[in-house]
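Structure, as structure tokens:
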Amino acid sequence: MRYFTGLFLGLLTFILSMYVVISDVFEINGYVLIHIIIIAISSFSLFSYGNRSYSLYKIYHIFNLFFIGIAPVLQYTANSRFIGEPEIPYKYKMITSVVFLISTIVYNSLYFLVNSKFSIKYLENLNVKLSVFNMKGNRFSLLFKVLMIFISLICFYMIFMVNNFNILSMLFRGGIFNDKVEVEKSLSLLIDKFFRPLSLVLFIISFMYNRKAWIVNSILFLLFLITAFPLGLGRNAAAGFYLPLLLLFVPIFKKRHFFVSTMIFGLLIVFPFLDTFRNIGENSEFKFGLNFEMFTQLHFDAYITLARVIYHDIITYGYQLLGVFLFFVPRSIWPLKPLSSGQFHANEIGLTFDNLACTYLAEGYINFGYFGVFIFIIFIAYTSAVLDKAYWSLKNKNSYFNVIYVLLLGMFLFVLRGDLMNSYAYTFGLIFTAILGYMLLLYISSIKFKIK
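This is the structure:
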């Protein structure tokens, strides 16, 4: 019965997606057909592995369905051209579409193979070690709780300081409330990539291992909420911070297919419906229905970034990847440090706007051509299969690995959309802070225990 439920939901997703892409298509040519196949693969993949309510695999196919399946067809039909760039020839769009289709098939095939063959025995010991906060005798003393609140207050103060002690600038990103103080780039990175996520880590640890201390948990959550208010963050950071909280602490998200169904319903129904209200004015006629124009806008440019770099044959032979791994090196020390790939490829082809993303596979091409695309998809398929299997097989609800995993889950969409330099920096900062915060609190807790 559960198998047929997943099959039905996959079929329903495919039908809804086809309604979106076919309604304005005058003919189904080779280009459209390729994307219909991608839509079909992702629609049914989203509801496979039904015992896994959420996973990196499902995040990949959510991205694939909307950014690579649906959006390119609507952009092709509407003849969308971003930032005034000339149209990319049909031949190169076909090549790009074939690359995405092959990558989707390779990802699914390798994921299935690794998932069925990979042994997680060597991860079991690590999983036990990461459950240490739950061990008997390792309690949260009053001093320990006060220390957690104090550290969280420091995090709040650092963000408050760079916003010129203006609470509105802290809570709302950009616009008329923006009142940020100019600080050195290295200090800005430290505050944004370490102190801000540290407030999240402190709350998660306290709530996960000391749930009965509701006063302390409430204080830590309030401090985190102000320090990393959703409207004060970029979309990618907001997803990386708040999605883990939903998956860890809201039980309904652990129900079969709920997470995926919510994401699909939001992107196919709710957001397009709300988009109809954007242009209501005195001289405009309101039309009740779904507005799918959002898929033709720059937010959904993931497909076209790969098409651009293939068409212009932009290859750096690993130089861009060097910038990703050494993102923390200041430009003052390394004047020739690579730009982010979105900005780099925009400058290379002379676009008037360079604040662009660069999708994951485009990063592969920019570094090593088609070979890079192959290596990048192999890496992400293998990694996501291993992490997904470890998370859903070990089934230790008290393991801190759960926290690391859902933090990665929250950032995975950012990694796929790109660019890689920024997404890697955010993800590395978040995971590094989570591990360092855990080790620091564990060390302090062990000292307190020895004193007793």
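According to the numbering used here, the sequence shown is numbered sequentially starting from 68.
Backbone N, C-alpha and C define an ideal beta-carbon position, used for all residues, glycine too.
Ile381 versus Ile433: straight-line alpha-carbon distance, rounded = Position 314 of the sequence shown, counting from 1, holds the residue named residue 381. Position 366 of the sequence shown, counting from 1, holds the residue named residue 433. Going by the C-alpha atoms only, they are around 6 Å apart.
Checklist entry - Which class does Ser490 belong to by DSSP, given the choice of helix, strand or coil? => result Residue 490 sits at position 423 when you count from the first residue of the sequence shown. Ser490 falls in the helix class under three-state DSSP.
**Asked** So, do the region 83–100 and the region 132–142 have three or more beta carbon pairs nearer to each other than 8 Å?
**Response** yes
Sorted by chain position, which residues of the same chain lie with C-beta nearer than 6 Å to Ala369's C-beta, five sequence neighbours on each side aside? Working through the sequence shown from its first residue, we reach residue 369 at position 302. Only Phe134, Thr426, Arg484 meet the Cβ criterion.
Distance between beta carbons of Leu287 and Phe270, contact taken as under 8 Å = For the purposes of this step, residue 270 is taken as residue 203 along the sequence shown, with counting starting at 1. For the purposes of this step, residue 287 is taken as residue 220 along the sequence shown, with counting starting at 1. With 8 Å as the limit, Phe270 and Leu287 qualify as a contact, their Cβ atoms being about 4 Å apart.
- Go ahead and label Val165 buried or exposed: buried means 16 or more other beta carbons lie within 10 angstroms of its beta carbon, across all protein chains shown. As a first step, residue 165 must be located in the sequence shown, where it is residue number 98. Exposed.
* Is Thr500 near Leu265, with beta carbons less than 7 Å apart? -> Here residue 500 refers to the residue found at position 433 of the sequence shown. Here residue 265 refers to the residue found at position 198 of the sequence shown. Yes. Within cutoff.
N-terminal and C-terminal residue of the alpha helix (DSSP H) that Asn414 is part of:
Working through the sequence shown from its first residue, we reach residue 414 at position 347. Counted as a single uninterrupted DSSP element, the alpha helix (DSSP H) harbouring Asn414 occupies residues 408–415.
Q) How about His412 and Val376: do their beta carbons lie closer than 7 Å? A) In the sequence shown, residue 412 corresponds to position 345, counting from 1. In the sequence shown, residue 376 corresponds to position 309, counting from 1. Against a cut-off of 7 Å, the Cβ pair of Val376 and His412 comes out as a contact.
Three-way DSSP call (helix, strand, coil) for Lys247 in this model:
Sequence index remark: in the sequence shown, residue 247 carries index 180 (1-based). Lys247 falls in the coil class under three-state DSSP.
ask   = Among the residues of its own chain, which have a CB less than 7 Å from the CB of Leu497, if the five just before and after it don't count?
value = The count along the sequence shown starts at 1 and reaches residue 497 at position 430. Hits under 7 Å: Pro264, Gly307, Leu474, Met478.
First and last residue of the alpha helix (DSSP H) that includes Val283? Sequence index remark: in the sequence shown, residue 283 carries index 216 (1-based). Bounds of the alpha helix (DSSP H) holding Val283 are 281–294.
Practice prompt. Specify the secondary structure class of Asn131 as computed by DSSP and reduced to three states.
Written response: Numbered from its first residue, the sequence shown carries residue 131 at position 64. Looking at Asn131 - three-state DSSP - the assignment turns out to be helix.
Measure the beta-carbon distance from Lys125 to Val317 and round it to whole angstroms, keeping in mind my assumption that it falls under 8 Å. The residue labelled residue 125 in the question sits at position 58 within the sequence shown. The residue labelled residue 317 in the question sits at position 250 within the sequence shown. Between Val317 and Lys125 the Cβ distance is about 17 Å, and since that is not below 8 Å, they are no contact.
Problem set entry | Three-way DSSP call (helix, strand, coil) for Arg263 in this model | Along the sequence shown, read from residue 1 onward, the residue named residue 263 stands at position 196. Arg263 falls in the helix class under three-state DSSP.
| Are there three or more Cβ pairs, one per stretch, closer than 8 Å when the region 246–263 is compared with the region 222–237? | yes
Using a threshold of 7 Å, state whether the C-beta atoms of Lys188 and Ala374 are closer than that.
-> Here the question's residue 188 lines up with position 121 in the sequence shown. Here the question's residue 374 lines up with position 307 in the sequence shown. Contact: no.
In angstroms, rounded to a whole number, what distance separates the CA positions of Trp459 and Ser120?
As a working mapping, residue 459 is identified with position 392 in the sequence shown. As a working mapping, residue 120 is identified with position 53 in the sequence shown. Trp459 and Ser120 have their C-alpha atoms roughly 9 Å apart.
* Assuming Leu132 contacts Ile106 (C-beta within less than 8 Å), just tell me the rounded distance between them. => The residue you call residue 132 lines up with position 65 of the sequence shown. The residue you call residue 106 lines up with position 39 of the sequence shown. So it is a contact: roughly 6 Å between Cβ atoms.
**Request:** Note down, one range per segment and in chain order, each alpha helix (DSSP H) of at least 4 residues found wholly within the region 293–319.
**Result:** 302–316
request  = Rounded to whole angstroms, what's the CA-CA distance from Ala145 to Ile89? Just pull it up for me.
outcome  = By 1-based counting over the sequence shown, the position of residue 145 is 78. By 1-based counting over the sequence shown, the position of residue 89 is 22. Taking the straight line from one Cα to the other gives about 12 Å.
- Nearest-angstrom Cα distance between Pro405 and Glu430? On the sequence shown, position 338 is the one that residue 405 refers to. On the sequence shown, position 363 is the one that residue 430 refers to. Cα to Cα, Pro405 sits roughly 13 Å from Glu430.
| task | Report all residues from its chain with a CB closer than 8 Å to the CB of Gly520; omit the five preceding and five following residues, and keep chain order. | result | Outside the displayed range of the chain (68 to 519) lies residue 520, so it cannot be described from this structure.
- Task: Could you tell me the distance, in whole angstroms, from the CA atom of Glu152 to the CA atom of Leu418?
- Result: Here residue 152 is taken as the residue at index 85 of the sequence shown, counted from 1. Here residue 418 is taken as the residue at index 351 of the sequence shown, counted from 1. Spanning the two alpha carbons is a distance of roughly 7 Å.
(message) Does Met225 pass the burial test, meaning 16 or more other C-beta atoms within 10 Å, or should it be called exposed?
(response) By one-based count along the sequence shown, residue 225 stands at place 158. Met225 comes out buried.
Measure the C-alpha to C-alpha separation of Leu313 and Tyr143 and round it to an integer number of angstroms. To locate residue 313, count along the sequence shown from 1; it is residue 246. To locate residue 143, count along the sequence shown from 1; it is residue 76. Each residue's Cα considered, the two are about 36 Å apart.
Between Leu141 and Thr363, how many whole angstroms is the CB-CB distance? I'm expecting something under 8 Å. Reading the sequence shown from its first residue, position 74 is the one you call residue 141. Reading the sequence shown from its first residue, position 296 is the one you call residue 363. 5 Å between Cβ atoms; contact.
DSSP on His379, reduced to helix/strand/coil? If you number the sequence shown from 1, residue 379 lands on position 312. DSSP places His379 in coil when its eight states are reduced to three.
So within the region 108–181, which uninterrupted alpha helix (DSSP H) runs reach at least 4 residues, ignoring any that extend past its ends?
123–130, 138–144
CB-CB length for Lys212 against Tyr493, believed under 8 Å
Taking the first residue of the sequence shown as 1, we reach residue 212 at position 145. Taking the first residue of the sequence shown as 1, we reach residue 493 at position 426. Between Tyr493 and Lys212 the Cβ distance is about 29 Å, and since that is not below 8 Å, they are no contact.
Checklist entry - Less than 7 Å separating the beta-carbons of Val268 and Gly504? => result Position 201 of the sequence shown holds residue 268. Position 437 of the sequence shown holds residue 504. Their beta carbons are under 7 Å apart, which means Val268 touches Gly504 by this criterion.
Beta-carbon proximity list for Asn350, same chain, < 6 Å, skipping 5 on both sides: Along the sequence shown, one-based indexing puts residue 350 at 283. Its pLDDT being 48, under 50, Asn350 is placed unreliably in this model, and the coordinates cannot settle the point.
*Who are the near neighbours of Phe481 in its chain, counting only those whose CB is closer than 6 Å to its CB and skipping five residues on each side?*
Locating residue 481 in the sequence shown gives position 414, where the first residue counts as 1. So the qualifying residues of the chain are Asn303, Ser490.
**Q.** Between the CA atoms of Phe262 and Leu254 - distance to the nearest angstrom
**A.** The sequence position of residue 254 within the sequence shown is 187, counting from 1. The sequence position of residue 262 within the sequence shown is 195, counting from 1. Going from the Cα of Leu254 to the Cα of Phe262 covers about 11 Å.
Close Cβ partners of Tyr127 (< 8 Å) along its chain, the five nearest in sequence each way excluded
As a working mapping, residue 127 is identified with position 60 in the sequence shown. Excluding residues within five positions, the ones whose Cβ falls inside 8 Å are Tyr174, Ile447, Ser451, Phe479, Leu483.
Practice item. Classify Tyr384 as helix, strand or coil using the three-state DSSP reduction. Key: Residue mapping note: residue 384 aligns to position 317 of the sequence shown, counting from 1. In the structure shown, Tyr384 sits in coil (DSSP, three-state: anything other than H, G, I, E or B).
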